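If you're matching positions, the sequence shown starts at 200 in the numbering used here and goes up one per residue.
In this text, a Cβ means the ideal position worked out from N, Cα and C, and glycines have one as well.
Just so you know, these numbers come straight off a predicted model, no measurement behind them.
Worksheet: one structure, shown below.
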Amino acid sequence: MKTVFNLHKFACTVCAVTVPLLLAACGENPLEAERDYHASLKGGYSESLSELKENLKDVDYYSCVQTYNETRCNNFKELFGSYDCKEIAQTDQYDDNGDIIIPRDTTPEPEEDTTVINYLTKNKTLNIAITHYEQLVDFISEGDTLGDPEIKFTVKNYSEDEYVNTLTTYILLDTMDVIKWDGKKSSAISVPRGMNKIEVCPIVSDLNKTDDILLSVGECLVIEDLGLVENRKAVAMKDTTSDKYMLEWEWFLY
């Protein structure tokens, strides 16, 4: 019965002293704070203080070990005089020996590589599609009221802005007696890796009864920095360089 009474009395005592113990600074003797607190009260608790003195240190110790580790708690008790110092919890600043941690790597991070690759690092394909053709004059050529348009494109390749070669697409439109055409006809052409620029030119002819008549080498499109061009992003174009026709077309790389 004595053991049970003592345990009950100790539990009540721990609850009673919680407030003053929380006010004790790191390293301050919690028993002195407890003694000062109860000295201001009418009643005395001297019969419990001796028992509390024997057990409080174990309560703080086991609480510390349960949260951190035995080495850390013992070292910090020796260095700072308490198992409940703020330094114990500041794991980013102190190691388990109580020493301030020196950053292991003070080497500055490497600068970001800002090199821009403006040329193709692999072969790509240029897709060209015509979407609209319209005759703008009454006579497309001598004697012909209705034109017979034939449309294709040339593609000039450049590496480091130096001309390499010229490629030609298939004929995209080959019709007879037409004033206006709408639809979509496309052709694809390979662009070799290493190219940084291409020049795309529509070639529009009229298939006259006696001879093919070149109506216009339309307005050429220069596409630079091919390595930075977004894949499969279609770009709409309009060729109005000739007073005889108007052509709409689009392109994308993939």
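Going by DSSP, what residue range makes up the beta strand (DSSP E) through residue i?
i, result
"Ala387", "379-390"
"Ala435", "434-438"
"Leu427", "Careful: Leu427 lies outside any beta strand (DSSP E) and carries neither H nor E."
"Cys400", "396-406"
"Tyr456", "Given a span of 200 to 453 for the chain in the structure shown, any question on residue 456 remains unanswerable."
Could you give the first and the last residue of the continuous alpha helix (DSSP H) run that contains residue i?
i, result
"Phe279", "269-279"
"Glu286", "285-288"
Which whole-angstrom value describes the C-beta separation of residue i and residue j, a residue pair presumed to lie in contact below a C-beta threshold of 8 Å?
i, j, result
"Lys351", "Ile370", "5 Å"
"Leu325", "Ile397", "7 Å"
"Thr439", "Ser415", "So it is not a contact: roughly 10 Å between Cβ atoms."
"Asp360", "Asn395", "7 Å"
Alpha carbon to alpha carbon, how far is residue i from residue j?
i, j, result
"Lys432", "Ser389", "17 Å"
"Met375", "Lys321", "40 Å"
"Lys379", "Gly342", "19 Å"
"Ser358", "Pro309", "31 Å"
"Met445", "Ile402", "12 Å"
"Gly346", "Glu423", "34 Å"
"Cys284", "Pro307", "34 Å"
"Lys443", "Tyr362", "31 Å"
"Cys263", "Cys272", "6 Å"
"Ile412", "Thr344", "14 Å"
"Lys276", "Val315", "58 Å"
"Tyr332", "Glu447", "7 Å"
"Tyr293", "Asp257", "24 Å"
"Ile287", "Asn430", "56 Å"
"Phe279", "Tyr261", "17 Å"
"Leu420", "Val428", "14 Å"
"Asn356", "Lys437", "22 Å"
"Asp381", "Ile327", "15 Å"
"Lys323", "Val377", "34 Å"
For residue i versus residue j, is the C-beta spacing smaller than 7 Å?
i, j, result
"Asn317", "Gly426", "yes"
"Asp456", "Ile329", "Lying outside 200 to 453, the shown extent of the chain, residue 456 is not represented and no answer is given."
"Thr353", "Cys400", "yes"
"Asp373", "Glu349", "yes"
"Ala435", "Glu449", "yes"
"Asp187", "Tyr282", "This structure leaves residue 187 out entirely; the chain is present only between 200 and 453."
"Thr270", "Asp295", "yes"
"Leu452", "Arg392", "no"
"Thr368", "Ser386", "yes"
Could you tell me which whole beta strand (DSSP E) segments of length 3 or greater appear in the stretch 301-369? Restricted to the stretch 301-369, the beta strand (DSSP E) segments that are unbroken, complete and at least 3 residues in length are 323-334, 348-358, 361-367, listed in chain order.
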